[in-house]
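The structure under discussion appears below in the form of structure tokens.
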Amino acid sequence: MNSAHYAWVPLSNSVLVNGILHPMESKNEPSSIFPYTGVLVSIIAWASFYFTLQYHNWRQTCEWNCRIVTTVHAVVSTVLSYYSSFVVGPNPVKEPGLPITQWETNILVISLGYFSYDLFWCLYHQSEGSLILVHHISSVLCLSYPLSTGVSAGEVVVSLVVMEITNPVLQLRWFLRETGQKNSRSAKLADAVFISMFFVMRMLCGTYMLVVVTRHPRPSWTIKMGGTFFMIISYIFMYMIFRYAYRKYVLRSKRPVPPIAKTSVPEFSTTIDSNGVAASNGVAASNGVAN
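Residues 17 to 307 (the numbering used here) are what the sequence shown spells out, left to right.
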């Protein structure tokens with residue numbers, strides 16, 4: 017009678033990928049212990065960046081400097097998350113629910129520190145509505161989950177790409193508005209780019225990723241419910257964006273131009289004074305500067 021030899025692998029520390037059982041832990045994988053020190057250092061780093069801007073860029077408002085920090089985080093997290101998900105791997109779109117890697121740990125620590133800092137900033141300055149606060153609190157919880165459990169970090173990391181890639185354009189719109197360029201061509205272009213990117217990334221890519229995660233047996237129900245909750249928030253944001261675009265670019269273009277009211281001011285005319293400078297309302301300044 018032939019005897020077979022089997023290598024015993026503890027199932028609690030393993031994961032089945034493409035029919036092959038892989039150990040969850042290796043010398044290159046971090047443990048599932050929450051990295052409190054790393055997150056604390058990340059919070060201090062983002063807060064220090066903000067206070068440095070406050071010191072050197074003191075002529076600008078607190079919100080101006082905070083949005084610079086937001087833009088930097090958006091760029092950093094998008095680049096690192098894309099590189100981790102689609103270059104380093106594993107690809108969470110194909111294999112969700114895998115153990116956390118060192119790359120994913122570092123990215124989650126960086127972003128968790130930022131969202132914690134930004135949540136404190138919003139609460140202190142009371143600058144945001146309830147929907148944004150719910151979004152930030154949910155972000156902190158979702159980023160903390162893989163760091164605490166050691167699994168499903170890939171889904172959260174790739175979600176950072178979906179969420180943060182539109183953020184720099186969103187901040188650009190705000191900066192243009194603050195500098196008096198609300199109705200400029202640049203602002204209109206930024207609106208078009210932001211709305212298009214938000215629809216493609218959040219509505220299309222985000223919905224596809226949610227379907228992948230919810231249909232796969234490996235991710236926990238916590239991850240599936242968290243992803244569903246985030247997509248509901250994204251749908252609300254998309255509705256608000258479409259409503260804004262409709263009011264600004266559709267309704268405004270349909271409004272009739274109001275007639276010019278008659279006043280006692282003379283009709284507009286342009287004359288040229290002795291120094292060749294145009295003067296309005298037929299009045300030229302004695303020093304050659306138009307009134």
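Ideal Cβ positions, reconstructed from N, Cα and C, are used throughout, including at glycine. All of these numbers come straight from a predicted model, not from anything done at the bench.
Query, Result
"Residue 235, buried or exposed, once every other Cβ within 10 Å from all chains shown has been counted against 16", "buried"
"Three or more C-beta pairs below 8 Å linking the stretch 184–195 and the stretch 75–87", "yes"
"Rounded C-alpha distance that separates residue 200 from residue 52", "46 Å"
"C-beta atoms of residue 315 and residue 169 nearer than 8 Å", "No answer is possible for residue 315: it lies beyond the span of the chain, which begins at 17 and ends at 307."
"Nearest to residue 135 (by Cα), restricted to the options 259, 111, 67, 63", "63"
"Local conformation of residue 286 per DSSP, three classes", "Note that residue 286 scores 38 on pLDDT, short of 50, meaning its location in the model is unreliable and no value can be drawn from it."
"Coil, strand or helix - residue 51 by DSSP", "coil"
"Straight-line gap, residue 224 to residue 177 (C-alpha atoms, nearest Å)", "14 Å"
"Cβ neighbours of residue 24 in the same chain (closer than 8 Å, five flanking residues each side left out)", "Caution is warranted here: a pLDDT of 33 is assigned to residue 24, below 50, making its placement in the model unreliable, and the coordinate value is therefore given only provisionally. None."
"Nearest residue (CA-CA) to residue 205, options 61, 126, 256, 265", "265"
"For residue 126 and residue 191, the rounded distance between their alpha carbons", "25 Å"
"Residue 233, DSSP secondary structure in three states", "coil"
"Pairwise C-alpha distance: residue 182 and residue 257", "13 Å"
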